[in-house]
Amino acid sequence: MADGRLKEIWASFEAATTRKLVNRAVDHIQVPHRRDWRADDEAHLRQGFEEPSTTAFAALKARLASKAKKAERRSGRSAKSDSDTTLSETAQFAPETDAARDLIKALKSTDYRVRRPQFDYVDQVRIPEKKSWFSGKSKSAAPKNAADKKAFRLF
Amino acid sequence: MTSEVVLMNRQAVAMAADSAVTISGPQYLKTYQSVDKLFPLVEGQPVAVMIYNNAEIMSTPWETVISLYREAVKGRALDTVEAYAEDFMAFLSGNPDLFPADHQDTEFFKHVAVVYTVIAEDFDEQVRKFAEKNGARLGGHLSSIFEFVVGELYADYQRYPDDNARADLSCFPQGMGEQVRRRYRSEIEQLIDSLIAALKREHPGLAVSEATRERLREIAVFSVTKDAFFEHYTGVVFAGFGGREKFPAMRSYLTSSVILGILKRKQDRRADMSADGGPVVQPFAQDRMIRTFLTGIDPYLRMFMFGETLKLSMNIVTDLIGRAPGLSDSQRQALFRDYSENNMGYALKEFFKSIDSYQYQVHTYPIYRAIGSLPKRELGETAASLIKLNSFQQKVMHSIETVGGPIDVAVITRNGGLEMKSDKADL
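Next comes the structure, spelled out in structure tokens:
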């Protein structure tokens, strides 16, 4: 589509301009695509591949829940609340701290030459449904600093 | 695409390049494997030049331009590799015979058309993604999506990905942006109209605000003046010995179009061998396998592992603090902030540094030590082997081999001059 778009834009410009144009062809121009390494790498992943940090954290959650259940059975008490047996959603909303941001920036700088990060309008307008960090209130629909969001989406 | 490498030790420089070129269009993608990317720069002088990415400058093959330069300078020696590089850039810039004014105008219009095509492509992609999830509501979001993609590119021209302010290119004089804006005002408007018309053909409901149009005007100017090469650009690598250089040197540039008599360019890498310095290994363009070989780990796997380690650590700390009894929300927040900023961040940085140090000592250093003392023939063979690694990976893993074909090698010594070896079949 990109090369088609270039031809469309160029043809429309050629028709409008009064400038003398030379070497008018644009067929040979390779339009740079906004792609990064993930697109190629992800093509090799199986459908529904889960990030290792998510898998590891889910395993940890399961292990903690199972330990808590065993402990309850041993003590003969039923769980008063599920806060100790099932993990809250809070960990899913780990805030982007400055230290983490610095770290990611440093990692990203290493990789940066001409690549640009991917971005997503859908993410930009999505209203989070989950609870916010620790407080239990809904998160604001407004995204945090766009640069921070971009930096985090690197991984 | 391309894979190229420069290896330097105190005695010699080896440059190697593959021969693949990729030609793509709306309905096709094809590669040919017989293209020249490595050339002698000046007749009889120990300096060579390699190109990667775009095979043309101003719709003229680089090979042609380099041969015109070679004819023009008639074997003239210069003191340093940097002087050769700058002389070549000056030949492209101030040469109305090569690129007359109306040619420069046309190429500027193409340059902006390509940048606007990037926007159109982003818009198409965002619309597709939005429609997949919210098909019925697309109409009400078209203008916001366009504003969003224009804003993203505008922001990319303002800041580097590490969030520092993006600099202006030093190759242009002060006021270059204003000159571009004044000279091409009406054509930039026509290109904006062309972009919007192209998108409206499929999305008649698209409306573009004056603020967004102004951003598009600024993007056209930034695409010239800012230190960003989002258009079709060429990497140009010079290496060898200047007349007064005892040890070899390398300079590489990103180059784009000649605009108002000045070639848009920036020097992006430089390396000078010295009596006590280590060898130089500089891969260009598709360099993944070369970097993997040199470091013992795929660079993207490294990024992935570091990122996942960071995320898992944050999740565990967040969870732990969330479970601690008897703390208020604000205490939890403060504890997390303190722990992540002062302790976890520090520990992770040290962890990553330590891994990098291990990587260097175990994998990189032994290779560098060997390259540092290789004779010229072996240096050339090593350079060619690194390119072969990339070719082989492409052959095995990708259906389209964008790196491949015969490998051209140049070996340069002060004593023996420039020697080139090509495996290509004769015509």
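Line by line, the protein sequences give chains R and E. Residue 181 is where the first sequence starts when you use our numbering, and the numbers rise one by one after that. Residue 62 is where the second sequence starts when you use our numbering, and the numbers rise one by one after that. From the three backbone atoms N, C-alpha and C, an ideal C-beta is built for every residue, glycine too.
Would you say residue i faces chain E, with C-beta separation under 7 angstroms as the test?
i, result
"S233/R", "yes"
"E188/R", "yes"
"Q227/R", "no"
"S192/R", "yes"
"Q236/R", "Checking the sequence shown, residue 236/R turns out to be Ala, not Gln. Yes, contact with chain E."
"A196/R", "yes"
"W217/R", "Legend: pLDDT at W217/R = 48, less than 50; position of this residue unreliable, value from coordinates given subsequently. True, the Cβ-Cβ gap to chain E drops below 7 angstroms."
"S268/R", "Residue confidence is low: S268/R scores 42 on pLDDT, short of 50, so the model does not pin down where it sits. No coordinate-derived value is stated."
"E309/R", "Legend: pLDDT at E309/R = 45, less than 50; position of this residue unreliable, value from coordinates given subsequently. E309/R does not count as touching chain E."
"D291/R", "In this predicted model, D291/R has a pLDDT of only 49, less than 50, meaning its place in the structure is not dependable enough to derive any value."
"D262/R", "The predicted model places D262/R with a pLDDT of 46, which falls under 50 and marks its position as unreliable, so this point remains unresolved."
"S318/R", "Confidence in S318/R is poor, its pLDDT being 40 and thus under 50, which makes the residue's placement too unreliable to answer from."
Starting from residue i, follow its DSSP beta bridges and name the residues at the other end.
i, result
"E65/E", "A78/E, F345/E"
"G478/E", "T474/E"
"D333/E", "A310/E"
"T295/E", "N114/E, T316/E"
"G301/E", "V108/E, A310/E"
"F100/E", "V110/E"
"I127/E", "BP columns for I127/E are empty, so no partner."
"P265/E", "Bridge partners of P265/E: none, in fact."
"D183/E", "Per DSSP, none; premise fails for D183/E."
"D229/E", "K287/E"
"A73/E", "T474/E"
"P122/E", "E117/E"
"D469/E", "A78/E"
"R326/E", "T316/E"
So residue i packs on residue j, CB below 8 angstroms; how close in whole Å?
i, j, result
"A259/E", "S192/R", "6 angstroms"
"F299/E", "V110/E", "5 angstroms"
"R305/E", "Y314/E", "Going by Cβ atoms, the distance from R305/E to Y314/E rounds to 21 angstroms, so no, they are not a contact pair."
"S284/E", "E208/E", "That belief does not hold up - the Cβ atoms of S284/E and E208/E are roughly 19 angstroms apart, past 8 angstroms."
"I448/E", "D97/E", "Incorrect: roughly 14 angstroms between the Cβ atoms, too far for contact."
"G406/E", "I112/E", "With a Cβ gap of about 42 angstroms, G406/E and I112/E do not count as contacting."
"H172/E", "S317/E", "7 angstroms"
What in chain E is Cβ-close to residue i, meaning under 7 angstroms?
i, result
"R185/R", "T178, A181, E182, A259"
Could you confirm whether any beta carbon from chain R is found closer than 7 angstroms to the beta carbon of residue i?
i, result
"Q219/E", "no"
"N70/E", "no"
"S80/E", "no"
"V66/E", "no"
"N476/E", "no"
"F345/E", "no"
"V74/E", "no"
"D163/E", "yes"
"S284/E", "no"
"H293/E", "yes"
"K324/E", "This sequence places Leu at residue 324/E; Lys is not what is there. So, not an interface residue."
"Q187/E", "yes"
"L159/E", "no"
"E248/E", "yes"
"E132/E", "no"
"K327/E", "no"
"I206/E", "yes"
"L373/E", "yes"
"P369/E", "Here residue 369/E turns out to be Glu, not Pro, going by the sequence shown. Judged by the 7 angstroms Cβ criterion, E369/E is in contact with chain R."
Going along chain R in order, which residues have a C-beta closer than 7 angstroms to the C-beta of residue i?
i, result
"D166/E", "R199"
"Q251/E", "F193, A196, T197"
"E306/E", "Under the 7 angstroms cutoff, chain R gives no residues; its nearest Cβ is about 27 angstroms from E306/E."
"E124/E", "Within chain R, no residue comes near E124/E; the closest Cβ sits about 14 angstroms away, beyond 7 angstroms."
I want to verify the contact list: residues of chain R whose CB lies under 9 angstroms from the CB of residue i, in sequence order.
i, result
"D97/E", "The contacting residues do not exist; D97/E stays about 17 angstroms from chain R at best."
"S415/E", "Going along chain R, no residue has its Cβ under 9 angstroms from S415/E, so there is no contact; the nearest lies around 14 angstroms."
Taking Cβ-Cβ distances shorter than 8 angstroms, what residues in chain R pair up with residue i?
i, result
"A174/E", "L186, I189, W190, F193, V206"
"S120/E", "N203, A205, H208"
"K171/E", "W190, V206, I209"
"K287/E", "Under the 8 angstroms cutoff, chain R gives no residues; its nearest Cβ is about 13 angstroms from K287/E."
"E117/E", "H208"
"L129/E", "Chain R residues near L129/E: none, gap ~16 angstroms exceeds 8 angstroms."
"L256/E", "I189"
Item to check | contact_flag[the stretch 236-254 of chain E, the stretch 308-327 of chain E] where n(CB pairs < 8 angstroms) is 3 or more | outcome: yes
Next on the checklist: Counting beta carbon pairs with one atom in the stretch 250-259 of chain E and one in the stretch 269-288 of chain E, are three or more of them shorter than 8 angstroms?
Outcome noted: yes
Next on the checklist: Taking 8 angstroms as the cut-off, does the stretch 351-362 of chain E touch the stretch 157-169 of chain E (at least 3 CB pairs, one atom from each stretch)?
Outcome noted: no
Item to check | Sufficient close CB pairs (3 or more, under 8 angstroms) joining the stretch 115-125 of chain E to the stretch 196-211 of chain E | outcome: no
Checklist entry - Within the chosen definition, does the stretch 132-151 of chain E reach the stretch 303-313 of chain E through at least 3 CB pairs nearer than 8 angstroms? => result yes
Checklist entry - Just checking, does the stretch 163-181 of chain E make contact with the stretch 187-203 of chain R on the three C-beta pairs under 8 angstroms criterion? => result yes
Checklist entry - Do the stretch 422-438 of chain E and the stretch 360-377 of chain E meet, that is, are 3 or more Cβ pairs less than 8 angstroms apart? => result no
Next on the checklist: Counting beta carbon pairs with one atom in the stretch 221-232 of chain E and one in the stretch 286-296 of chain E, are three or more of them shorter than 8 angstroms?
Outcome noted: yes
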